[in-house]
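J.: Residue numbers (the numbering used here): 117 to 449.
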Ligand SMILES: CC(C)(COP(=O)(O)OP(=O)(O)OC[C@H]1O[C@@H](n2cnc3c(N)ncnc32)[C@H](O)[C@@H]1OP(=O)(O)O)[C@@H](O)C(=O)NCCC(=O)NCCS
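(1) Do residue 423 and residue 368 come within 7 angstroms of each other at the CB atom, strictly closer than that value?
(2) According to DSSP, is residue 440 part of a helix, a strand, or is it coil?
(3) Please determine whether the Cβ atom of residue 223 lies at a distance below 6 angstroms from any heavy atom of ligand 1.
(4) Between which two residues does the beta strand (DSSP E) containing residue 432 stretch?
(5) Around the C-beta of residue 179, are 16 or more other C-beta atoms found within 10 angstroms, so that it is buried, or is it exposed?
(6) Which residues in the same chain as residue 356 place their Cβ atom closer than 7 angstroms to its Cβ, once the five residues preceding and following it in sequence are excluded?
(7) Using the Cα positions of residue 402 and residue 306, report the straight-line distance between them to the nearest angstrom.
(8) Consult DSSP for residue 237 and reduce its assignment to one of helix, strand or coil.
(9) How is the alpha helix (DSSP H) around residue 343 delimited, first residue to last?
(10) Please go through the segment 214 to 288 and give each complete beta strand (DSSP E) segment of 3 or more residues, from N-terminal end onward.
(11) Relative to ligand 1, is the shortest distance from any of its heavy atoms to the C-beta of residue 339 smaller than 6 angstroms?
(12) Given the structure, does residue 377 come close to ligand 1, in the sense that its CB is under 6 angstroms from one of the ligand's heavy atoms?
(13) Quick test of your reading: residue 225 and residue 195, contact by CB under 8 angstroms. State the CB separation rounded to the nearest angstrom.
(14) Measuring only the C-alpha atoms, how far is residue 144 from residue 321?
(15) Can residue 274 be considered in contact with ligand 1, in the sense that its beta carbon sits closer than 6 angstroms to one or more heavy atoms?
So, in structure tokens, the structure goes:
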């Protein structure tokens, strides 16, 4: 049974924002025991953007949303809802959605933050689209933003090289029949929590001088465990969507996977029997920006003319939790 929304809802505009500062693999190899060749061949990353210290998620999220609004020809006051997805909010509360609402002047919106790590954008898109389909919300924005440079241990070569900062935003509204979100499949499995997490800073282990000294406010990851699960779930989940909608990999105009590792992405594309030219890749320039990878990849695909109205698209992600999911759309703009 597919998970069709009760009315056709899709993405009608995109935007993005990255910090100006480029950090190359060469830059990192000056302070870490690593090198460009290892990072490129094991991950596909050449460079990433890191924000200046003191930059909050809202400072990238708000410009990304302004760009999406401008691309749609909409005023911020037209928005009914702002869903921000992030693991690096400006503050635990108030939400980053409140900050962004104020910065863009969305005077008629409600909103909230949603945390599903790297799957956050997909969950937020489904949440916003379902509210629009139900009729209570006419126009929604989803902003995916992470400032990963604030939560990586810059002395740990196994994680420091993998992540970047960025923000992507989309506008979500009713579209023509047959367009927009056609189906989705999302899952969580808390038994994977121990493989990718930040140990301290929450209610279970509040910040103390000791947690700071132990670098417990940074990402802890069992890379190969995450890798194995990501390949399996992203591929199986995307395949499921194709099969139950009577489609084949060759029917897809674009496959937009979460950009965590080029080897994970290639393995998923292979399982879908997809022509590699149909996969959107930007991990080489931006690394893993967590929840921002998919909306920024969509924006860049639009700008490059790789995404046209009517194209079938699968978005697919996997992340901490474990969380994972895929969404099938017929591109609506
Ligand atoms: C992290 C990741 C790139 C590591 O690649 P890998 O091929 O699994 O490498 P391993 O972890 O087995 O490490 C192999 C060796 O490389 C070393 N290594 C790790 N990072 C390194 C770096 N930046 N530079 C050089 N060597 C490095 C390790 O210390 C290890 O050395 P050892 O064999 O002497 O112990 C990979 O596991 C991965 O991408 N996992 C998924 C991460 C992810 O997607 N996270 C976010 C979820 S959305």
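The beta-carbon is built from N, C-alpha and C at its ideal position, and this holds for glycine as well.
T.: On the basis of the supplied data:
(1) By 1-based counting over the chain shown, the position of residue 368 is 252. By 1-based counting over the chain shown, the position of residue 423 is 307. Contact: no.
(2) Within the chain shown, numbered from 1, the residue matching residue 440 stands at position 324. It is a strand residue.
(3) Position 107 of the chain shown, counting from 1, holds the residue named residue 223. No, since every heavy atom of ligand 1 falls outside the 6 angstroms radius drawn around the Cβ of residue 223.
(4) Start at 1 with the first residue of the chain shown, and residue 432 comes out as number 316. Segment 428 to 435, the beta strand (DSSP E) holding residue 432.
(5) Your numbering for residue 179 matches position 63 in the chain shown. Buried: at least 16 other Cβ atoms inside 10 Å.
(6) By 1-based counting over the chain shown, the position of residue 356 is 240. The answer, listed in chain order, is 301.
(7) Position 286 of the chain shown holds residue 402. Position 190 of the chain shown holds residue 306. Residue 402 and residue 306: Cα-Cα distance of roughly 28 angstroms.
(8) What you label residue 237 is simply residue 121 of the chain shown in a count that begins at 1. Three-state result, residue 237: helix.
(9) On the chain shown, position 227 is the one that residue 343 refers to. Start and end: 339 to 360.
(10) 226 to 230, 255 to 263
(11) Locating residue 339 in the chain shown gives position 223, counting from the first residue. Yes, ligand 1 has a heavy atom inside 6 angstroms of this Cβ.
(12) In the chain shown, residue 377 corresponds to position 261, counting from 1. Yes, Cβ of residue 377 sits closer than 6 angstroms to a heavy atom of ligand 1.
(13) Residue mapping note: residue 225 aligns to position 109 of the chain shown, counting from 1. Residue mapping note: residue 195 aligns to position 79 of the chain shown, counting from 1. The Cβ separation is near 5 angstroms, so the contact holds.
(14) Here residue 144 corresponds to residue number 28 of the chain shown, with the count starting at 1. Here residue 321 corresponds to residue number 205 of the chain shown, with the count starting at 1. Distance between the alpha carbons of residue 144 and residue 321: 31 angstroms.
(15) In the chain shown, residue 274 corresponds to position 158, counting from 1. Answer for residue 274: yes, Cβ within range of ligand 1.
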